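Notes for the one structure printed next.
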Amino acid sequence: MINADPKRGIFHLTCEEFSYILQIKDGRLLQLYFGAPIADADLSYLLPCFASGSSFNQPVHHLPLELPTLGSGWYGEPALGAIGSDGNNVTELRYQDYKILPHKEDLPGLPSLSQPPTAMRGQNETKDDGTLQILLKDELTGLAAVLSYSIVSGTLARSMELINTSDAPIKLTHMASATLTLPLLPPAGSGDSDYSLIHLQGNWARERRVVRTPLGRAETKIESQRGASGHEENPFLALAAPGADENSGDIYALSLIYSGSFQASAQVRDFDNVYLSIGLNPLTHNWLLESGEHFVCPEAVLVYANRGLNQMSHLFHRIYRDHLCRSKWAGMERPVLINNWEATYFDINEEKVMALAKTAAKIGVELLVMDDGWFGNRFDDHRSLGDWYENPIKLPHGLAGLAKKVNQAGLKFGLWVEPEMISPDSDLYRAHPDWCLHAPGRTRTEGRNQLILDLSREDVQDFIIHTMKHILNSANIAYIKWDMNRNMTESFSALQTPERQMETQHRYMLGLYRVLDEVTSAFPDVLFESCSGGGGRFDAGMLYYMPQTWTSDDTDAVERLKIQYGTSLVYPASAMGAHVSASPNHQVGRKTDISMRADVAIGGNFGFELDLDKLSREDLAAARDYVAKVKKLRHLTSQGTFSRLLSPFDAPNYRAANYVAWQFADQQDLLLCIYRVLSEPNPFIHRVRLTDLDPNALYQADETDPSLPACFKGRTFTGAALMQVGVPMIFKGQQDFCSQLILFHRVKEK
Ligand code: GLA
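Per my numbering, the very first residue in the sequence shown carries number 2; after that it's consecutive.
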């Protein structure tokens, strides 16, 4: 619900999950509250808390400003910075007007949430609440800001549009999408104000590890300057109250719907309030706004949860699964696939694909994906990106002929592409050497022997759209893996004027989004999966166009426990690609049983990434049984509610680090997934407590599963018992890297 009281200058957005209260004071827009829902919209009684007590505090420095601006006397990270044509960097915004739109509108050219469900898919829909728009303006410079707020399924979507209403150009230097000013209030009953900051840090093959650090007084910046959201940090930040854990405590979180360079910051300010912000990275983005022009900042999502991190994740999962992706696949079960990459690497040809396809068909796999190496002279990673035509030696019957044969074997056919890239050794580069990002006179820095096409250029965008449409029309292709295997250096465009070069990275993203919009809309039946050396662009921006992402190039089951666990903080399991690969694993050399590998892969969009013909007879039979199991369970793993139970990170004791657990639940079923990393001597059987169940519901374990431990047979459990008493973690055998899945069905009381 949006309540506007323009006479008193109060705006209150509220729903079951939160209240967000803004108030105008002396023309300035103040953020007075974000937290659990409250009825009192008028919080004027707080204003004395923000009074200045010293001549050194300029009128705004101590205020909880909704949009702090550069040069105004606010001495922290500004949300908006602008330099006028006279070189003046003072921006003073004052309230002008507001309106409430009946719907949430899409952001032009950028991915964004939709308020009504994109299709009737989620279980908990909230009604369409409209959008509050507040207009602020600097009368002197003519810079106006329209702030938009929409409630989407228990979260707050916030975006900002900047308009130059003057006759002279204005240079935008800081363009944050959302800020939060939160008082450091210890929770009731606690004397402690030890808040912590949670973010997702990593690198290639070890993405999104959960990092939780004390907030501290110094400013913390979480960012990417890479022209991609990156493996290293994710566009997400959460503030956790003292003692907050998975199932209790206050969490305030920000997530950005954007796939390029970003910055999130956190700072405890000198008046003891925390200032959080998220948006475009000022180090890599500024923008020249000519008279009459508009600039739209990416959308941010604000989440408040008072029942801990699992509740925060449930809210993010719901909106990113049900209110973001436009693909019809977003709400559909995904096919079990086999990808040839780790089976053959570049050494792929029709014969090898067909051998894989035939065995895959026998065990029930539904889709075969031919990865890198099928085009141009692509015998290794030194050449041919840009030359998107079949290699005639490898594919004598072309893509169309191969797709037909794969279809005849009973599988759908999918293909890998990396359309944003160009190899210096390619026909495309020889024809268009200026099509890549590069700075005159400087080395064109290569990453994996490749350069990045300049997607800020319309001719380059058109080339990619044309090429992709041609490929997709040329054969019966049901799936595309869209890869991107390096980050930006020399973000400079041959077509841009000097004063606009700092726009190149954002113009690239707008170009990419145009390309993705055109290609995915033209082929609505195709399932698209994004990838960037695994999870180097696992963000909500990409999920708008493609409902799933290849989570990591690390396919080791033990490493995947951490990667999938960390990813789940923000993104739903239905967004994560997860494959069973060979043992010993190619990234870490670890040997694990097929059961462990499959039990971990069941936690995402399940597939294989190995040569099935090299499996033992027993393992191939196990693989077949797993495919059948996945088909039975995927409604639950893709659409059920995912909750974390035991973490592989920062364990306070050995037991917790060594055991990992999560659950999927819907109205009928409950799947408990437990993992033990290392075997223990003289083992003690630990228990895991489930979460978020109806305490009065009755559950019975699925006894058709031959691996079900005997103690679960022949009885029912209440939700209360599963949550309070817990479930014993019993594993088969005494060995490292064990797992056990237990499926419970909800049953009626007899
Ligand atoms: C990236 C992807 C891999 C594979 C290779 C192909 O690294 O993440 O899955 O597709 O490229 O070159």
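For each residue, glycine too, the CB sits at the ideal point set by N, CA and C. On a predicted model such as this, the values are computed, not experimentally measured, just so you know.
Query                                                                                                                             : Result
Trp483 beta carbon near the ligand GLA (any heavy atom closer than 7 Å)                                                           : no
Residue from Leu141, Leu114, Ala169, Asp139 whose Cα sits closest to the Cα of Arg159                                             : Leu114
Pick from Leu473, Arg690, His383, Gly727 that is closest to Phe524, judged by C-alpha positions                                   : Leu473
Cβ neighbours of Met730 in the same chain (closer than 8 Å, five flanking residues each side left out)                            : Tyr660, Ala662, Ile675, Arg677, Ile686, His687, Arg688, Val689, Gln741
Beta strand (DSSP E) runs contained entirely in the stretch 512 to 544, provided each spans 3 or more residues                    : 528 to 531
Coil, strand or helix - Phe643 by DSSP                                                                                            : strand
Whole-Å CB distance - Asn235 paired with Leu201, under 8 Å assumed                                                                : 4 Å
Classification of Val745 by the beta-carbon crowding that lies within 10 angstroms, buried from 16 upward                         : Residue identity check: residue 745 is Phe in the sequence provided, not Val. Buried is the call here.
Nearest candidate by alpha-carbon position, reference Asp667, set Ala629, Ser475, Asp6, Gly720                                    : Gly720
Cα-Cα separation between Glu750 and Met597, rounded to whole angstroms                                                            : 34 Å
Chain D contact for Asp695 (CB, 8 Å cutoff)                                                                                       : The question asks about chain D, but that chain is absent: this structure has only one protein chain.
Under 8 Å between C-beta atoms of Ile320 and Leu133                                                                               : no
Cα-Cα separation, Asp130 to Val366                                                                                                : 43 Å
Status (buried if at least 16 other CB within 10 Å, exposed otherwise) for Gly110                                                 : exposed
Whole-angstrom C-beta distance between Leu181 and Leu277, which should lie under 8 Å                                              : 4 Å
Cross-strand partners of Pro184 (DSSP beta bridge)                                                                                : Asn274
Proximity below 8 Å, CB of Gly1 to CB of Met176                                                                                   : Outside the shown range of the chain, which is 2 to 751, sits residue 1, and nothing can be said about it.
Gly82 to Glu504 span [Cα, whole Å]                                                                                                : 15 Å
Sequence-distant residues of its chain with Cβ nearer than 6 Å to Lys128 (five each side left out)                                : Low confidence applies here, because Lys128 scores a pLDDT of 48, under 50, leaving its location unreliable and the question unanswered by this model.
Proximity test, Asn486 beta-carbon vs the ligand GLA heavy atom, cut-off 7 Å                                                      : yes
For Phe752: DSSP bridge partner residues                                                                                          : Coverage of the chain is limited to positions 2 through 751, which leaves residue 752 absent and any answer about it impossible.
Contact under 8 Å by Cβ, Leu699 with Val748                                                                                       : yes
Separation of Gly448 from Pro441, as counted between CA atoms                                                                     : 18 Å
Per-residue DSSP class, three states only, for Gly399                                                                             : helix
Rounded Cβ spacing between Leu369 and Leu357 (contact assumed at less than 8 Å)                                                   : 6 Å
Nearest-angstrom Cβ-Cβ length linking Thr174 and Asn287, presumed shorter than 8 Å                                                : 5 Å
Closer than 7 Å: Gly534 CB and nearest the ligand COA heavy atom                                                                  : Absent from the structure shown: the ligand COA. Ligands present: the ligand GLA.
Pairwise C-alpha distance: Glu681 and Leu284                                                                                      : 49 Å
Nonlocal neighbours in the same chain, by C-beta distance under 7 Å from His398, ignoring five residues either side               : Glu351
Length of the line joining the Cα atoms of Tyr76 and Asp484                                                                       : 41 Å
Cut-off 6 Å between Cβ atoms - residues of its own chain near Asn125, not counting five sequence neighbours on either side        : The predicted position of Asn125 is uncertain, since its pLDDT is 40 and thus under 50; a value taken from the coordinates is nonetheless stated next. Excluding residues within five positions, none has a Cβ falling inside 6 Å.
Contacts around Thr692, its chain only, beta-carbon distance under 8 Å, and the 5 residues preceding and following it disregarded : Glu247, Asn248, Asn311, Ser644, Leu646, Gln664, Met724
Phe752, enclosing alpha helix (DSSP H) - first and last residue                                                                   : No statement about residue 752 is possible, as the shown extent of the chain runs from 2 to 751 and does not include it.
Identified DSSP bridge partners for Gly261                                                                                        : Answer is none; Gly261 lacks a bridge partner.
Local conformation of Gly54 per DSSP, three classes                                                                               : coil
Arg122 versus Ala574 - alpha carbon distance                                                                                      : Summary for Arg122: the model assigns pLDDT 37, below 50, so the residue's position carries little reliability; its value from the coordinates is reported in the next sentence. Cα-Cα distance, rounded: 15 Å.
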